[in-house]
Each structure stands twice: as structure tokens, then as C-alpha cells.
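Each position in the sequence shown, counted from 1, maps to that position plus 1 in the working numbering. Beta carbons: idealized from backbone N, C-alpha and C, even for Gly.
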Amino acid sequence: MERWQNRVAVVTGASAGIGAACVKYLVNNGMIVVGLARRKKRIEALREQVAPKVRDQQQIIDAFKVIISKYGAVAVLVNNAGIGREANLVDDNNEQDIQDVIDTNILGVVNCTREAFRSMKAHGGIGHVILINSIAGHHVSFIPNFSLNIYPCTKHAVTAMTEVYRQEFINLGTKIKVTSISPGIVDTAISTPATKAAFGNTPSLQPEDVADALIYCLQTPPHVQVHELILKPVGEIY
Numbered sequence: 002m003e004r005w006q007n008r009v010a011v012v013t014g015a016s017a018g019i020g021a022a023c024v025k026y027l028v029n030n031g032m033i034v035v036g037l038a039r040r041k042k043r044i045e046a047l048r049e050q051v052a053p054k055v056r057d058q059q060q061i062i063d064a065f066k067v068i069i070s071k072y073g074a075v076a077v078l079v080n081n082a083g084i085g086r087e088a089n090l091v092d093d094n095n096e097q098d099i100q101d102v103i104d105t106n107i108l109g110v111v112n113c114t115r116e117a118f119r120s121m122k123a124h125g126g127i128g129h130v131i132l133i134n135s136i137a138g139h140h141v142s143f144i145p146n147f148s149l150n151i152y153p154c155t156k157h158a159v160t161a162m163t164e165v166y167r168q169e170f171i172n173l174g175t176k177i178k179v180t181s182i183s184p185g186i187v188d189t190a191i192s193t194p195a196t197k198a199a200f201g202n203t204p205s206l207q208p209e210d211v212a213d214a215l216i217y218c219l220q221t222p223p224h225v226q227v228h229e230l231i232l233k234p235v236g237e238i239y
């Protein structure tokens, strides 16, 4: 992690769970970390803070301008912000829920990556974009009496975006890396009673396990790119 010392990392969805763990691990490894999140009260406990909605394009643009002017060029972006909704795709009156998930899980990634890339390219064309994906981005598990709704569809998009970004970073003459980290079930505060009931006593990862994987990917040599990393707790059935 020596080459990332005192460099700027941006983490979305940083107020709790995986995002908060990633912030702590990056800070402990010598990076200047800016957390983006919707829940300002929670993120105020972190070392650095900006709090836009990560699905609002103009707020993202404005946030990155502040970050770059105040802290310097972005070296690492951790696209962690993501949401899900409990409903069936065929249910009535869930259009806004579906749109919110698409806006956060897909467009939020696109908007944040675009702004981070501009900064990375303008400062040597070196950096690392991390996409916190999911095993739901690789296959859709059947869960009796429970629907994952539009969530796995958005995560499949993230899997495809990882390869598109890899190709674009090459074609645009940079050495920016991109990595998708796909954890299985993670025990976070956003888990609802319905999701906990659906998954039962299935083993789960902790947010720190994902943060540890993030550090592993960042400390690889400059010529090594971890394209996809899948994490599952021992005993997970999905």
C-alpha cells in the first residue's frame, strides 16, 4: 500500500456496513478518505465527509469538485453505494422503488466513476476503481417465497460494466485498474426482518471481510489487476 500513502480515496455508501469498514481500512493504511453517503449524521463520525445523494448526477459532480479542490486528485474510488427493495417485479405501484434501485446501483456507479476517472486521467492516468458487486451479479438464486426484485439485474449490469471499464481505460491510454468485488451474504445493519427470514441461518460475511479484500486488491503490483474477486462465507448454499 506504499504507493497509496496520502493519496485520496472516495468511498460511496460510506455511512455504515461495508462502506464504513472500507473507510476505516483505507484510513488505517495511510490514505486520505472522503466518504459519500445519504445519511449525514452517520458519516459525520468518519474522518472526512461530503454527503450528496449518490444517485443525483449534479450533486456527484459538485461533490467531486469539492473533493479535488480541497484534498487533491482522486486515486481510488470505491463504488459501494447500493440499495434493494422488497417486492415482486410484477407488483403494482413499485415503479419508484425500481427506479431508485436502478439510479443508485447503476447510474450512481456510472456518475461517480466518470468523475473519478477524469481526475485520475488528468493526474498521470493511474488509479484504481473498485466496484462492490454481489454474487447476485453472477447468478440469481431461487429463494422460496421471496423475490430479489430488480437488485440482481442491476448487479449483473455491474459485472458487465467492469469489463467495459477495463476496455475503456485501455483504449483511452491509461493504466487505471478496475476490480469487481462480489461478496455473498454480508451481515449489515441494512438487512431487514424479511431478508433475514428469507435467508434463515445461512452463514454470512462481515463488512470487514469485504474491506480486507479491498486492501488485498489495492496492494497488488502495478502490472497486476484483480478483475473479479468473489467472496463467500464457508457453508453458504447460494
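Burial state of residue i (16 or more Cβ within 10 Å)
i, result
"Arg249", "There is no way to answer for residue 249, as the model of the chain reaches only from 2 to 239."
"Asn202", "exposed"
"Arg4", "exposed"
"Ile238", "exposed"
"Lys66", "exposed"
"Val102", "buried"
"Ala64", "buried"
"Asn172", "exposed"
Residue range of the beta strand (DSSP E) that includes residue i
i, result
"Lys178", "178-184"
"Pro76", "Strictly speaking, residue 76 in this sequence is Ala, with Pro absent from that position. First-last of the beta strand (DSSP E) with Ala76: 75-80."
"Val64", "Reading off the sequence shown, one finds Ala at residue 64, where the question assumed Val. Counting along the chain, Ala64 falls outside any beta strand (DSSP E), though it belongs to the alpha helix (DSSP H) covering 58-72."
"Gly36", "33-37"
"Ala88", "No beta strand (DSSP E) contains Ala88, which DSSP labels as neither H nor E."
"Glu229", "229-232"
Same chain, Cβ closer than 7 Å to residue i, five either side skipped, listed in chain order
i, result
"Ala46", "Residue confidence for Ala46 is low, a pLDDT of 49 falling below 50, so the modelled location carries little weight and cannot support an answer."
"Gln220", "Met2"
"Gly98", "Looking at the sequence provided, one finds Asp at residue 98 rather than Gly. Closer than 7 Å at the Cβ level, and outside the excluded window around Asp98, lie Arg86, Ala88."
Residues near residue i in its chain [Cβ-Cβ closer than 8 Å; skip 5 each side]
i, result
"Thr180", "His129, Val130, Ile131, Leu132, Thr163, Cys218, Gln226, Val227, His228, Glu229, Leu230"
Alpha helix (DSSP H) segment containing residue i, residue limits
i, result
"Leu27", "18-29"
"Glu116", "109-123"
Cβ shell of residue i (< 6 Å), same chain only, five flanking positions each side left out
i, result
"Asn89", "Ser148"
"Val11", "Val35, Val75, Leu78"
"Tyr72", "Val9, Ile33"
Counting pairs of Cβ atoms below 8 Å between the stretch 74-87 and the stretch 110-130, do you hit three or more?
Under the 8 Å Cβ criterion, the stretch 74-87 counts as touching the stretch 110-130, having at least three qualifying pairs.
Count the CB pairs spanning the stretch 209-222 and the stretch 159-172 that are closer than 8 Å, and state whether there are at least three.
Short answer: they don't touch.
Are there three or more Cβ pairs, one per stretch, closer than 8 Å when the stretch 94-112 is compared with the stretch 150-159?
Of all C-beta pairs linking the stretch 94-112 to the stretch 150-159, three or more are shorter than 8 Å, placing the two stretches in contact.
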